[in-house]
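Visitor: Have a look at this one before I ask anything.
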Ligand code: PMP
Ligand code: GLN
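Residue numbers (the numbering used here): 39 to 421.
As structure tokens, this is what we get:
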């Protein structure tokens, strides 16, 4: 009997699905997979109902509804003074996951190399491998999760084509500051690399942190493909509307892949997200305040339980050191917490290819209802 492709042997089930399944089986409070356990903005849900009723029942243009592309272009201009032409430079995808896949597929030839900063979001490496290319990890070292330029230099070869950065960063909650971005930008220019900048948490910022898109740095717009997603910004991860903004010649290649991967994305959802983006200025402060309250509550609770770490400035994740709690590595400790304490977290070692640093941490997602966070803390108190 014929079997699946040999290349499939390098893949396993994503850690997020595995942990959510284990959480269900063990009736554990799920602070693992990154999604809110409450629904996003009601006003946006009302708009989607209206859009469904109005029509919008047929395929959108394959590169995305013009209305949405115009609103994406408009917010990049309003928030970051970045100019993207909605006709040629913006492509709407099935979430950031498809954006990443279509982008990497469009840019990579077999045996090309991609520098990924670890810990990384798991789909980067999978998408790279599906192109027959190679992910080359460079570690963001704990506790500040900084990148050493010397290590970047060591990782680069004549085959290196792309560097992927995620800002704000999942799983650490780090918001990269200008000097750090500048270093990466210099490095990319020196070695003539393209940069994929995954900015899905661009609006999840706390304590006055600012998001600096990589494409705003001098000389970077022409070599950067910026990816984002409405799922995070509107707390509706199931809507799966994402996008890629890139210079025209790169956009063209991304669109050619996208047209065969998904062709086009749910039309009424795109129309609703376009309306959402129009209202970002009014929406974002309340959104940030809502998540800040959750972050502060959970951080204080974790501190009382004896976990010590710096409070994250962005995203809805905390990367929590476990060395003062256990001698176990992350995977085993995560299993112990699920089974015995009924709290599910993500063991971050699955976000590393090279370093063992992830074994000393667990990732907690605090995008949860107050009662969920309370139950998790009270279960953990029985440690
Ligand atoms: N990038 C990062 C860093 C993420 O955390 C996620 C998922 N939460 C994605 C991309 C994928 O986003 P989407 O759900 O829009 O596909
Ligand atoms: N991005 C989410 C996380 O980091 C999960 C998305 C998924 O399950 N693929 O947990």
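Where a beta carbon is used, it is the ideal one built from N, C-alpha and C, also for glycine.
Taking the Cβ atom as the reference point for each residue, do residue 348 and residue 398 lie within a distance shorter than 8 Å?
Guide: Counting from 1 along the chain shown, the entry for residue 348 is found at position 310. Counting from 1 along the chain shown, the entry for residue 398 is found at position 360. It is not a contact, given that the beta carbons lie outside the stated cut-off.
Visitor: As a quick exercise: from 391, 263, 419 and 250, pick the residue whose alpha carbon is nearest that of residue 117.
Guide: For the purposes of this step, residue 117 is taken as the residue at position 79 of the chain shown. The residue with the shortest Cα to Cα distance from residue 117 is 250.
Visitor: So that I know if they touch, is there some Cβ in chain C lying closer than 8 Å to that of residue 127?
Guide: Absence of chain C from the displayed structure is noted, only one protein chain being present.
Visitor: Nearest by alpha-carbon distance to residue 471: which of 222, 70, 396 and 51 is it?
Guide: Absent from the structure is residue 471, since the part of the chain shown begins at 39 and ends at 421.
Visitor: May I have the straight-line CA-CA distance separating residue 96 from residue 305, to the nearest angstrom?
Guide: The sequence position of residue 96 within the chain shown is 58, counting from 1. The sequence position of residue 305 within the chain shown is 267, counting from 1. Answer to the nearest angstrom: the Cα atoms are 7 Å apart.
Visitor: So the candidates are 266, 212 and 80; which of them puts its Cα closest to the Cα of residue 243?
Guide: Taking the chain shown and counting its residues from 1, the one referred to as residue 243 is at position 205. Per the Cα distances, 212.
Visitor: Using the C-alpha atoms, what's the distance from residue 309 back to residue 315?
Guide: Your numbering for residue 315 matches position 277 in the chain shown. Your numbering for residue 309 matches position 271 in the chain shown. C-alpha separation (whole angstroms): 10 Å.
Visitor: In its own chain, which residues sit with a C-beta less than 6 Å from the C-beta of residue 113, not counting the 5 before and 5 after it?
Guide: As a first step, residue 113 must be located in the chain shown, where it is residue number 75. The residues are 315 and 318.
Visitor: Taking the beta strand (DSSP E) that residue 204 belongs to, which residues open and close that run?
Guide: Start at 1 with the first residue of the chain shown, and residue 204 comes out as number 166. Start and end: 198-204.
Visitor: Can you tell me whether DSSP reads residue 78 as helix, strand or coil?
Guide: One-based indexing of the chain shown puts residue 78 at position 40. If DSSP states are grouped into helix, strand and coil, residue 78 belongs with coil.
Visitor: Taking DSSP as the reference, what is the three-state secondary structure of residue 148?
Guide: As a position in the chain shown, residue 148 is number 110, starting the count at 1. Coil, per DSSP.
Visitor: Helix, strand or coil for residue 406 per DSSP?
Guide: Numbered from 1 along the chain shown, position 368 holds the residue referred to as residue 406. The answer is coil: DSSP assigns residue 406 none of H, G, I, E or B.
Visitor: Can you list, in chain order, the residues of its chain whose CB lies under 8 Å from that of residue 58, leaving out five sequence neighbours each side?
Guide: Against the chain shown, residue 58 aligns to sequence position 20. Excluding sequence neighbours, residue 58 sits near 68, 70, 71 and 382.
Visitor: Taking the straight line between their C-alpha atoms, what separation do you get for residue 79 and residue 263?
Guide: For the purposes of this step, residue 79 is identified with residue 41 of the chain shown, where counting begins at 1. For the purposes of this step, residue 263 is identified with residue 225 of the chain shown, where counting begins at 1. Residue 79 and residue 263: Cα-Cα distance of roughly 28 Å.
Visitor: Would you call residue 258 buried or exposed, if buried means 16 or more other Cβ atoms sit within 10 Å of its Cβ?
Guide: In the chain shown, counting from the first residue as 1, residue 258 sits at position 220. With 16 or more other Cβ atoms within 10 Å, it is buried.
Visitor: Could you tell me the alpha carbon to alpha carbon distance between residue 368 and residue 404, rounded to whole angstroms?
Guide: Position 330 of the chain shown holds residue 368. Position 366 of the chain shown holds residue 404. Using only the alpha carbons, I get a separation of about 18 Å.
Visitor: Go through the residues and name those whose CB comes closer than 6 Å to any heavy atom of the ligand GLN, in chain order.
Guide: Residues flagged by the Cβ proximity filter: 52, 54, 71, 72 and 208.
Visitor: Is there contact between the region 179-190 and the region 410-419, where contact requires at least three CB pairs shorter than 8 Å?
Guide: No: the two stretches stay apart, fewer than three of their Cβ pairs being nearer than 8 Å.
Visitor: Hey, could you find the ends of the beta strand (DSSP E) residue 173 is sitting in?
Guide: As a position in the chain shown, residue 173 is number 135, starting the count at 1. It spans 172-177 - the beta strand (DSSP E) in which residue 173 sits, taken as one unbroken run.
Visitor: Please state whether the Cβ-Cβ distance between residue 140 and residue 128 is less than 8 Å.
Guide: For the purposes of this step, residue 140 is identified with residue 102 of the chain shown, where counting begins at 1. For the purposes of this step, residue 128 is identified with residue 90 of the chain shown, where counting begins at 1. For residue 140 and residue 128, no; Cβs fall outside 8 Å.
Visitor: Suppose you measure from the CA of residue 199 to the CA of residue 293; what does that come to, to the nearest Å?
Guide: Counting from 1 along the chain shown, the entry for residue 199 is found at position 161. Counting from 1 along the chain shown, the entry for residue 293 is found at position 255. Near 19 Å, if we compare the C-alpha coordinates of residue 293 and residue 199.
Visitor: State the CB to CB distance for the pair residue 209 and residue 384, rounded to an integer number of angstroms; the pair is presumed to be in contact (CB under 8 Å).
Guide: Residue numbering aside, residue 209 sits at position 171 when the chain shown is read from its first letter. Residue numbering aside, residue 384 sits at position 346 when the chain shown is read from its first letter. Their Cβ separation, rounded to whole angstroms, is 7 Å, which keeps residue 209 and residue 384 in contact under 8 Å.
Visitor: With DSSP run on the structure shown, which of helix, strand or coil describes residue 232?
Guide: Residue 232 sits at position 194 when you count from the first residue of the chain shown. Strand.
Visitor: Might you give, ordered along the chain, the residues of its own chain that have their beta carbon closer than 8 Å to the beta carbon of residue 254, omitting 5 neighbours on each side?
Guide: Reading the chain shown from its first residue, position 216 is the one you call residue 254. These residues qualify, in order along the chain: 118, 119 and 120.
Visitor: Could you pull the start and end residues of the beta strand (DSSP E) that residue 359 belongs to?
Guide: Within the chain shown, the letter at position 321 stands for residue 359. Note, residue 359: beta strand (DSSP E), 355-359.
Visitor: Helix, strand or coil, according to DSSP, for residue 143 in the structure here?
Guide: The residue you call residue 143 lines up with position 105 of the chain shown. Three-state result, residue 143: helix.
Visitor: Is any heavy atom in the ligand PMP found nearer than 7 Å to the beta carbon of residue 64?
Guide: Locating residue 64 in the chain shown gives position 26, counting from the first residue. It does not: the Cβ of residue 64 is nowhere closer than 7 Å to a heavy atom of the ligand PMP.
Visitor: Smallest Cα separation from residue 81: which of 313, 234, 202 and 386?
Guide: Numbered from 1 along the chain shown, position 43 holds the residue referred to as residue 81. Residue 81 has its Cα closest to that of 313, out of 313, 234, 202 and 386.
Visitor: Mapping the DSSP letters down to three states, classify residue 263 as helix, strand or coil.
Guide: Translated into positions along the chain shown, residue 263 becomes position 225. Residue 263 falls in the strand class under three-state DSSP.
Visitor: State whether the region 226-246 contacts the region 319-328, with contact taken as three or more CB pairs (one from each stretch) at a distance under 8 Å.
Guide: Cβ pair count under 8 Å is three or more, so yes.
Visitor: Quick one: Cα of residue 51 to Cα of residue 387, how far?
Guide: Sequence index remark: in the chain shown, residue 51 carries index 13 (1-based). Sequence index remark: in the chain shown, residue 387 carries index 349 (1-based). Between residue 51 and residue 387, the C-alpha separation is close to 15 Å.
Visitor: Can you have a look at residue 343 and say buried or exposed, based on whether 16 or more other CB atoms are within 10 angstroms of its CB?
Guide: Translated into the one-based positions of the chain shown, residue 343 becomes position 305. That one is exposed.
Visitor: If you draw a straight line from the C-alpha of residue 100 to the C-alpha of residue 341, how long is it?
Guide: For this step, residue 100 is matched to residue 62 along the chain shown. For this step, residue 341 is matched to residue 303 along the chain shown. If I take the Cα positions, the gap works out to 48 Å.
Visitor: Is it buried or exposed for residue 43, if we count other Cβ within 10 angstroms and need 16 for buried?
Guide: Mapped onto the chain shown, residue 43 falls at position 5. With fewer than 16 other Cβ atoms within 10 Å, it is exposed.
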